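When we follow this note's numbering, the leftmost residue of the first sequence carries the number 7, and every step to the right adds one.
The C-beta atom is built at its ideal place from N, Cα and C for all residues, glycine as well.
Computed from a prediction, not measured in an experiment: that's the story for all the values here.
Here is the structure we will look at, set down as structure tokens.
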Amino acid sequence: MTDASTPLIVGASAPSEARPDADLLEGLNGPQREAVTYRGQALLIVAGAGSGKTSVLTRRIASLLRTREAYPSQILAITFTNKAAGEMRERVHQLIGQRADGMWISTFHSACVRILRREAQLFGFTKAFTIYDSGDSRALIKRLVKEHEGDAFGLTPAGTQSRISKLKNELADAESYARQANTSDPAERVFIEIFAAYQRELQRANAFDFDDLIAQTVYLFRAFPQVADVYRKRFRHILVDEYQDTNHAQYALIHELTRPPGSDAEPMSAGGMMIFEAEPAAESGASLTVVGDSDQSIYAFRGADIRNISEFERDYPGAKVVLLEQNYRSTQNILSAANAVISNNFDRKDKKLWTDVGAGDPIIGFTGYSQHDEAQFVADEIEALHRKGVDYAQMAVFYRTNSQSRALEEIFIRSAVPYKIMGGTKFYERAEIKDALAYLVAVANPADEMALRRILNKPRRGIGDVTETAIARYAAEHGITFRDALANSPQLGVGPKLQKAIDQLDAVLSEASALMLPASGELAPSTAVTEGLTLLLNKSGYFDALRASRDPQDEARLENLDELVAVTREFARNNPDGTIIDFLTEVALVADADDLDDASGSVSLMTLHTAKGLEYDAVFLTGVEEDLLPHRISAGEPGGPQEERRLFYVGITRARKRLHVSLAMTRAQFGEVTVAMPSRFLQEIPADLIDWRQSPGDVNGRGGTQSRALNARGRRPGQGGTSGSRYGDDLVPLPKRAPADPSKFPNRIPAKVRDNGDMELAAGDRIRHDDFGEGRVDAITGEGAKRVAHVRFDTVGAKKLLVKIAPISKL
DNA sequence: TCGACACTGTTTTTT
DNA sequence: ACAGTGTCGA
Numbered sequence: 007m008t009d010a011s012t013p014l015i016v017g018a019s020a021p022s023e024a025r026p027d028a029d030l031l032e033g034l035n036g037p038q039r040e041a042v043t044y045r046g047q048a049l050l051i052v053a054g055a056g057s058g059k060t061s062v063l064t065r066r067i068a069s070l071l072r073t074r075e076a077y078p079s080q081i082l083a084i085t086f087t088n089k090a091a092g093e094m095r096e097r098v099h100q101l102i103g104q105r106a107d108g109m110w111i112s113t114f115h116s117a118c119v120r121i122l123r124r125e126a127q128l129f130g131f132t133k134a135f136t137i138y139d140s141g142d143s144r145a146l147i148k149r150l151v152k153e154h155e156g157d158a159f160g161l162t163p164a165g166t167q168s169r170i171s172k173l174k175n176e177l178a179d180a181e182s183y184a185r186q187a188n189t190s191d192p193a194e195r196v197f198i199e200i201f202a203a204y205q206r207e208l209q210r211a212n213a214f215d216f217d218d219l220i221a222q223t224v225y226l227f228r229a230f231p232q233v234a235d236v237y238r239k240r241f242r243h244i245l246v247d248e249y250q251d252t253n254h255a256q257y258a259l260i261h262e263l264t265r266p267p268g269s270d271a272e273p274m275s276a277g278g279m280m281i282f283e284a285e286p287a288a289e290s291g292a293s294l295t296v297v298g299d300s301d302q303s304i305y306a307f308r309g310a311d312i313r314n315i316s317e318f319e320r321d322y323p324g325a326k327v328v329l330l331e332q333n334y335r336s337t338q339n340i341l342s343a344a345n346a347v348i349s350n351n352f353d354r355k356d357k358k359l360w361t362d363v364g365a366g367d368p369i370i371g372f373t374g375y376s377q378h379d380e381a382q383f384v385a386d387e388i389e390a391l392h393r394k395g396v397d398y399a400q401m402a403v404f405y406r407t408n409s410q411s412r413a414l415e416e417i418f419i420r421s422a423v424p425y426k427i428m429g430g431t432k433f434y435e436r437a438e439i440k441d442a443l444a445y446l447v448a449v450a451n452p453a454d455e456m457a458l459r460r461i462l463n464k465p466r467r468g469i470g471d472v473t474e475t476a477i478a479r480y481a482a483e484h485g486i487t488f489r490d491a492l493a494n495s496p497q498l499g500v501g502p503k504l505q506k507a508i509d510q511l512d513a514v515l516s517e518a519s520a521l522m523l524p525a526s527g528e529l530a531p532s533t534a535v536t537e538g539l540t541l542l543l544n545k546s547g548y549f550d551a552l553r554a555s556r557d558p559q560d561e562a563r564l565e566n567l568d569e570l571v572a573v574t575r576e577f578a579r580n581n582p583d584g585t586i587i588d589f590l591t592e593v594a595l596v597a598d599a600d601d602l603d604d605a606s607g608s609v610s611l612m613t614l615h616t617a618k619g620l621e622y623d624a625v626f627l628t629g630v631e632e633d634l635l636p637h638r639i640s641a642g643e644p645g646g647p648q649e650e651r652r653l654f655y656v657g658i659t660r661a662r663k664r665l666h667v668s669l670a671m672t673r674a675q676f677g678e679v680t681v682a683m684p685s686r687f688l689q690e691i692p693a694d695l696i697d698w699r700q701s702p703g704d705v706n707g708r709g710g711t712q713s714r715a716l717n718a719r720g721r722r723p724g725q726g727g728t729s730g731s732r733y734g735d736d737l738v739p740l741p742k743r744a745p746a747d748p749s750k751f752p753n754r755i756p757a758k759v760r761d762n763g764d765m766e767l768a769a770g771d772r773i774r775h776d777d778f779g780e781g782r783v784d785a786i787t788g789e790g791a792k793r794v795a796h797v798r799f800d801t802v803g804a805k806k807l808l809v810k811i812a813p814i815s816k817l
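Below is the structure:
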């Protein structure tokens, strides 16, 4: 990043006629136009769902550039995900018709990493620092909790981790927290010890966790004002998307960046970025634009503070506020439902979304007997829509928790609905991928002991607990790093076999270091990361161990590692000068929402959180049940139910034309079947907007009416924590075994994997299906394992079945 | 040191 | 249901 920039600003002197940005305003409504053209120190754009905020934001940036009010390098745009950043860069590029190099469009985290890599050596880190993801930090915290015997004081690793994370998001460190904590409580003292030890370990390992990336950047700016001034002078226009989801640390970071540069700053350089100081007197703080919608704030649980947006006008006096309420996405029925639901949240500024596209289709409701029944409804409905010409890629299924995806998947596979799960088990969280990355980290950042310990015995080298401790002790006694201790295997007091194993590991790491970290001055070739990774995996024996294994899962692991190698190649292509550190940074900061590559030809499955910012023609909101959509855990938390309602609202507003809400009367969790109740949120949707294909009343064993079933939620016992019935008196759970004819339960998924691989089927054949009964094959499509039978069943109509696994037999 | 087995708590959401 | 942990014997 060696872009030179001068902080000269042309005053707001756009020519009155034929504005150079006139074309950017085409097709915008009044408020949108104002949001693009307003010039001032602070602007808050309150953008309701679907009100075209991305368009406004990109046009605003394009307008600043087009009118020459700003150089690209003076713009810092912050988005929530890397994907959103990429999209924004692309759209700005399209608008201004040229590449805007030097613009920073990135997430909070990537922006902070860029700053920290430049400045880390100022406070005891090197630019090769590792980024610990939550898994890494949990592993470290787990070890520390054990060492400090935190369990004796009721401290769990997960609880400790989340407390530390919350504190860091509030910019509290161990010392400042200790000062105001109740130290007469022994558990509190232990917690503080662990917190402090955790921070020491991170520093020792030359590592930052996710929260540190933000917080340490703020500390950096506060401790070194002249460093902060470099960035304050550079970034003259700061734009923040999804402002309602910022936490206190992020708020403070923005606040630091928008302060006027101090007058005592010397001209200085930082990390190769030269800044020439021009008339310090003329310097004011950067102009700040934030975009947000407090009704879509769904990250309070991880520290997002809704006050950042609700008190924006107080924080930035004289701020202009623009309201975008016209919706360009959904039909009026969908918006009416959304408005009705969200109006149940008190303490919000009233805001009503409206559209001029008309009412549209009613919302479809469905109540299944079980989660599989519900999933079958979704699959059938998707197929029906697809036959009507709706592209699979224009449909999405949302759920509250990741675990709900399983039932949907099972049914989708059987019904041959092409789908793609966003999120779920993440590629970079798979053990073999983490192992491979740990090898790379061990090379890039030798101070990172965690990475080294992780790979010490992967693959099996016979290096167990005892040997690991011996190495650590030797390192401590001689004041050297864990990594350097490996080079002294003869002094470790271990057997010759182990010595040899240690020597070998040491040699592999050294060889890879020589390849990927060439002596200063020369640049590693762009292929270095790929070569280094393959070298590490080959010579460490990792590949061999997987290939020799008879575990069928290890084959998939090999494929995943091949995939990772492919990722390094792709990385080299996109970043010819990219180093191993750049690669590890990129990998550490990718989120799941980032690699949704349009899911071409597939239905998208994702959690409601992942769905934010996306839109689809048809949306299925599943599992709309008490204890799930308001989630049980949030019920007791202050503001919890309201945040859950916003989550529901976000889900509703993703739909353009068709919205489906569904639930199940029973749901299996923790291995046993429990009874589910309709969510309170369902009643908040005006009844005339929902067309129930099967209402909760229809499937109620006692034959209650729809409204009865929906309104039956009497006064619920406060927390549900007290033993006894968790239901109101007049709401009786369904009998354990529903009295209905078992054939009404097309939902038993055989645990065993069925394989009809060689079954011969042709159009005209009659078959019997375990759940759907008898039917006639209309057609067979696809090949091999993906052969699909299109069957017309006598009683349940047309279905598509994956021949290989469908529970069918030929008649 | 490592595999087999039993046992436990876990499922909220994520940069 | 299931993964992750702990205990035991080889």
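CB of residue i within 9 Å of CB of residue j, strictly
i	j	result
residue 624	residue 410	no
residue 632	residue 685	yes
residue 585	residue 536	no
residue 591	residue 312	no
residue 521	residue 442	no
residue 71	residue 405	no
residue 435	residue 563	no
residue 670	residue 377	yes
residue 816	residue 786	no
residue 370	residue 696	yes
residue 391	residue 664	yes
residue 237	residue 263	yes
residue 309	residue 258	no
residue 245	residue 296	yes
For residue i, three-class secondary structure by DSSP
i	result
residue 807	strand
residue 548	helix
residue 678	strand
residue 767	coil
residue 260	helix
residue 711	Because residue 711 carries a pLDDT of 37, less than 50, the predicted location of this residue cannot be relied on, and the following value inherits that uncertainty. Here residue 711 sits in coil by DSSP.
residue 3	The structure shown does not extend to residue 3, since the chain spans only 7 to 817, so no value can be given for it.
residue 583	coil
residue 322	coil
residue 633	strand
residue 392	helix
residue 695	helix
residue 104	coil
Counterpart residues of residue i in DSSP-defined beta bridges
i	result
residue 782	772, 798
residue 310	253
residue 866	In the structure as shown, the chain starts at 7 and stops at 817, and residue 866 therefore has no counterpart that could be examined.
residue 639	DSSP output for residue 639 lists no bridge partner at all.
residue 425	609
residue 437	None, per the DSSP bridge assignment.
residue 661	622
residue 838	In the structure as shown, the chain starts at 7 and stops at 817, and residue 838 therefore has no counterpart that could be examined.
residue 241	Its beta-bridge partners do not exist; DSSP assigns none.
residue 49	295, 326
Selected residue, minimal CA-CA separation from residue i, among the options
i	options	result
residue 621	146, 651, 55, 379	55
residue 2	223, 181, 326, 543	Nothing can be reported for residue 2: it is not among the residues displayed for the chain, which extend from 7 to 817.
residue 58	771, 475, 330	330
residue 27	476, 62, 49	62
residue 808	366, 801, 800, 766	766
residue 2	79, 119, 46	One cannot answer for residue 2 here, as it falls past the ends of the chain, which runs 7 to 817.
residue 794	322, 423, 367	423
- Task: Decide if the segment 647-657 is in contact with the segment 121-133; the criterion is three or more beta carbon pairs, one per stretch, under 8 Å apart.
- Result: Not touching, per the Cβ criterion.
- Message: Below 8 Å, how does it come out for the segment 181-197 and the segment 100-117: are there three or more Cβ pairs, yes or no?
- Response: no
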